[in-house]
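Asks: Once you've had a glance at the structure underneath, I'll fire off some questions.
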Amino acid sequence: MTPTSATSAGASAEPAHADAVLTIEHLCIGLRTDSGKFRRIVEDANFSIAAGEMLALVGESGSGKTMIARSILRLLPQIAAIESGRILFAGKDLDDARPAQMRALRGNAIGMVFQEPMVSLNPALSVGVQMTEALRLHRGLPLEEARRRCLELLERVRIADPLACLKAYPHQFSGGMRQRIMLASTLAMQPKLLIADEPTTALDAIVQKEVMDIMASLTREMGTAVLLVSHDLGMVARYARRIVVLCSGETMESGDTQQVIAQPQHAYTRNLLASLPTRMPRRQAAAATASTPLIEIRDLCIDFNRPAASGRKRAVLRAVAHADLDLLAGETLAVVGESGSGKTTIGRALVRLNCETSGSIRFEGREIASFDKAEMLAYRLKSQMVFQDPFSSLDPRMRLGAIVAEGLRLLPALSAQERRARAAQMLAEVGLSGDYAERFPHELSGGQRQRVCIARAIVTGPRFLVADEAVSALDVTIQKQLLALLQSLQEKFGFACLFITHDLGVVEQIADRVAVIYRGRVLETGPRDTIFDDPRHPYTLRLLQATPRIRRVDGENRISYRLARHEGHAQPPPAGHSYFNHGSIPGQALSPGEPLMLDVGQQHYVACT
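FYI, the working numbering numbers position 315 of the sequence shown as 687, with every residue one higher than the one before it.
Below you can see the structure in the form of C-alpha cells.
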C-alpha cells in the first residue's frame with residue numbers, strides 16, 4: 373500500500389521541532405518468527421509531538437499502534453525489537469538511556485495508561501497502595517500528601533466515593549471504573565509525556581468526555597504532550613490536533629486531524645470512516661405484533677455488599693433500584709448508561725447469574741423465581757449471554773467446536789455426533805467454517821473470538837440474548853461486521869436481544885428501543901428514533917451531546933466527513949412535575965422519594981417527581 377497524506381507523505385520524516393517532547397524518526401520494529409528471523413511489524417514511522425499537543429495514532433488491531441507506544445518506554449515483548457530508527461525524548465536519544473534512567477522516566481516523566489486496566493492493576497494490592505506508590509517513589513511525598521493528591525484526581529475522574537476506592541481492590545470495580553483509577557493514578561504524576569493506549573474504550577460518553585477534557589486541560593496547563601492510541605475516530609476528531617493513520621505497520625496518511633477526517637486521501641482511511649455506525653431503518657414487525665412482552669421486569673432491586681470507608685464494616689450497595697423494563701419478542705432493546713449504572717447487573721439477573729433482592733422478573737408471563745429445577749434448566753436454554761470480554765469467557769483448553777457444543781449437552785435427544793455437527797453448522801453461521809472447530813481460542817483475533825461467543829449463545833435456540841458490550845473494544849470495521857452478523861442472525865432465528873452498551877453510535881444503528889440508566893435508576897425509555905431526536909431527561913441529553921459523531925456528507929464529486937454534535941436542547945418536564953434527579957442533573961437539588969415514569973407520547977417514558 374502506498375502511503376499518502378493530507379499534508380505530508382506518511383512515510384517521510386517530519387521536520388524536527390526544537391520544542392518537541394517526543395520525536396520518532398524512521399522507526400522500524402520487528403517481530404522474531406519461529407525461524408529466528410524478524411518480520412517487520414512497524415515500517416518507517418515518523419512523527420513528533422510538541423509540548424501541549426495531542427497526536428493520535430489510529431488504525432485497526434495489529435496496525436502497530438501499541439507497539440510504537442510501548443517502544444518508547446522499552447516495554448516491547450521479548451519477541452519484538454527495534455530494528456532501526458530513533459526515539460528522542462526532550463531531545464535525548466532513549467537508545468542511549470541506561471536501565472536505571474528508563475526506570476526513572478517510567479511513571480514519572482513519561483506516564484502510560486494501558487488498554488486493559490485489570491491486567492495493569494495488581495489484584496493483591498489495594499487501589500490506595502498502587503496509586504500512591506509512584507508519588508512516594510519518584511516524588512518522595514509523605515503518605516498523607518500522596519493520598520490527598522490521589523483523592524483529588526479520583527474526584528476529577530468521577531469516582532463516587534474516593535476514600536472507599538482507596539481501600540478497595542481492583543476486582544471490586546467494573547472495567548470502566550478500573551480505567552478511571554488508572555487514569556487518575558497516571559495523571560497524578562503530571563508527566564511531560566502521556567501515552568494513552570485506548571484510554572476510554574470502556575467508558576461511557578459522559579465520562580469519556582470528562583476524562584478527555586482532563587487530558588486536554590493537562591496539555592494546556594502543564595505543557596504535557598499526549599500520544600493518543602485509539603480506534604475511536606469521533607473522539608480523535610474532537611481532541612487530537614494531528615493524526616497518523618496506520619495499517620499493517622505502515623503510515624497510510626498523516627496530517628491535521630480535521631483535514632484528514634474531512635477529506636481522506638487514502639482508501640484505507642475512507643474505509644475506516646465508512647465503517648462508522650450510522651442510523652439504519654429498523655423492522656417494525658416485532659414491536660407491532662407483540663401483544664405481551666417476552667420479558668417483564670417490575671420494581672427490580674438488586675443489592676451487593678461492599679466495603680465501607682469506616683474500616684471492616686460492610687455497606688449495602690443498591691446496584692439496581694426499582695427498575696421497570698419490557699423486552700418484546702424479536703426486538704433489540706439497548707440499555708445505555710455509564711459504568712457502574714447497573715446495566716450488566718440487570719443482564720446477569722435475566723440469565724440468573726445475579727439474584728434480585730426484590731421485585732419481579734417474568735418470562736412469557738411466569739415469574740422465573742418460582743421455577744422448579746426442570747423449569748429453570750429449560751429457561752437457561754432459552755436465555756443466553758454474550759460477555760464483554762470474549763477471551764476470558766472462552767476456556768483456553770477447549771477447541772472451538774467443543775466450546776460451542778457444550779450447551780447442547782443439556783439436550784439428551786442429541787447424540788455426540790449430532791452435537792458436533794450442529795456446533796460446526798453454527799460456527800459456519802457466524803463466518804467460521806472449515807477447520808475453525810478444531811482451533812483453540814488463542815489462535816483467533818478478538819473479533820473472531822466474539823463470533824465464537826455468539827455462536828455458543830445461539831446454538832441452543834434461545835428466545836432472548838443478553839449482549840454485554842459485545843462490540844465495544846473492537847475496531848470499527850470488525851464492529852460493523854459483527855453488528856451486521858447479529859442483525860442477520862436475529863432476523864433468521866427470531867431471538868430478542870438486550871443489548872448493553874455505552875456506545876451510542878452502535879445503539880443508533882442496531883436498537884429498536886432504548887433504556888437510559890444512571891446509578892441503578894431507569895431515567896428514560898422509548899423508541900430509538902424518539903430517544904435520539906427528542907430526548908427529554910437532562911441526563912439523556914448530556915449523553916447525546918457528549919458523544920462525538922462523524923457524519924458522512926455526500927457531495928457532487930466526492931464523499932467527505934465532518935465532526936457533528938447533537939443539536940437537541942433542554943425541554944421542560946410535563947406540567948406539574950420535575951425531572952427526577954439523584955445526581956444525574958448537576959447543579960440541581962436531589963429529588964426526594966421515588967420517581968414516576970410518565971408517558972410523554974409514543975411509548976416514550978421519562979422519570980419525573
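Cβ coordinates follow ideal geometry from the N, Cα and C atoms, glycine included.
How many angstroms separate the CA atom of M770 from the CA atom of R811?
Replies: Each residue's alpha carbon lies about 9 angstroms from the other.
Asks: Kindly identify the DSSP beta-bridge partner or partners of S456.
Replies: Its beta-bridge partners are C400.
Asks: Just to confirm before moving on: does the CB-CB distance between A577 and A428 stay below 7 angstroms?
Replies: Contact: no.
Asks: Which residues does DSSP pair with F871 in a beta bridge?
Replies: Bridge partners of F871: A706, A839.
Asks: Ignore the nearest five residues each way along the sequence and tell me which others in R792's own chain have a CB closer than 8 angstroms to its CB.
Replies: Counting only Cβ-Cβ distances below 8 angstroms, and skipping sequence neighbours, we find G773, A777, A809.
Asks: Tell me the residue span of the alpha helix (DSSP H) that contains R914.
Replies: Unbroken alpha helix (DSSP H) run through R914: 910 to 918.
Asks: Just checking my contact of L575 with S711 at CB under 8 angstroms: how many whole Å lie between their CB atoms?
Replies: About 7 angstroms; that satisfies the 8 angstroms criterion.
Asks: Does Q797 come out as helix, strand or coil in the three-state DSSP assignment?
Replies: Q797 falls in the helix class under three-state DSSP.
Asks: Taking the alpha-carbon positions, what's the Y933 to A634 distance?
Replies: So the alpha carbons of these two residues sit roughly 5 angstroms apart.
Asks: Nearest to V393 by alpha carbon, out of K464, E415, M969?
Replies: Measuring from the Cα of V393, the nearest candidate turns out to be K464.
Asks: Taking V485 and A568 to be in contact with their CB atoms under 8 angstroms, please state how far apart those CB atoms are, rounded to whole angstroms.
Replies: 5 angstroms between Cβ atoms; contact.
Asks: Where DSSP assigns a beta bridge to E939, which residues make up the other side?
Replies: E939 pairs with nothing; no bridge assigned.
Asks: So, helix, strand or coil for C537, using DSSP?
Replies: It is helical.
Asks: When the distance is taken between beta carbons, is A839 closer than 7 angstroms to A706?
Replies: Contact flag unset, no.
Asks: What are the partner residues of L968, as DSSP defines its beta bridges?
Replies: According to DSSP, which records beta bridges pairwise, L968 is partnered with C980.
Asks: Look up L599 in the DSSP assignment and give the residues it is bridged to.
Replies: DSSP output for L599 lists L427, I567 as bridge partner(s).
Asks: If you reduce the DSSP assignment to three classes, tell me which class A982 lands in.
Replies: This structure leaves residue 982 out entirely; the chain is present only between 373 and 981.
Asks: I think G431 touches V617, with their Cβ atoms under 8 angstroms apart; what is that distance to the nearest whole Å?
Replies: G431 to V617, Cβ: 6 angstroms. Contact.
Asks: Using CA coordinates, which residue listed in L858, Q789, E841 is at the minimum distance from V802?
Replies: The shortest Cα separation from V802 among L858, Q789, E841 belongs to L858.
Asks: Spell out a yes or no on whether the segment 399 to 417 and the segment 618 to 627 are touching, meaning 3 or more CB-CB pairs, one atom from each, closer than 8 angstroms.
Replies: Contact holds: three or more Cβ-Cβ distances are below 8 angstroms.
Asks: Considering only C-alpha positions, which residue in the set R914, T591, A476, H949 is nearest to R937?
Replies: If we check each option's Cα against that of R937, R914 comes out closest.
Asks: Rounded to whole angstroms, what's the CA-CA distance from T438 to D671? Just pull it up for me.
Replies: So the two alpha carbons sit approximately 45 angstroms from each other.
Asks: Hey, how far is the Cα of T832 from the Cα of Q797?
Replies: In a straight line, the C-alpha of T832 is about 12 angstroms away from that of Q797.
Asks: Could you tell me whether the segment 867 to 878 touches the segment 948 to 964, where touching means 3 or more Cβ pairs closer than 8 angstroms?
Replies: Flag = no, the segment 867 to 878 and the segment 948 to 964 do not touch.
Asks: Specify whether the segment 891 to 901 and the segment 723 to 732 touch according to this definition: at least 3 beta carbon pairs, one from each stretch, less than 8 angstroms apart.
Replies: The answer is no - the segment 723 to 732 does not touch the segment 891 to 901, with fewer than three Cβ pairs under 8 angstroms.
Asks: Residues bridged to Y890 by DSSP?
Replies: In the DSSP output, where bridge partners are listed per residue, Y890 has R893.
Asks: Considering only C-alpha positions, which residue in the set F763, S844, V878, A800 is nearest to A827?
Replies: The shortest C-alpha separation from A827 is found at A800.
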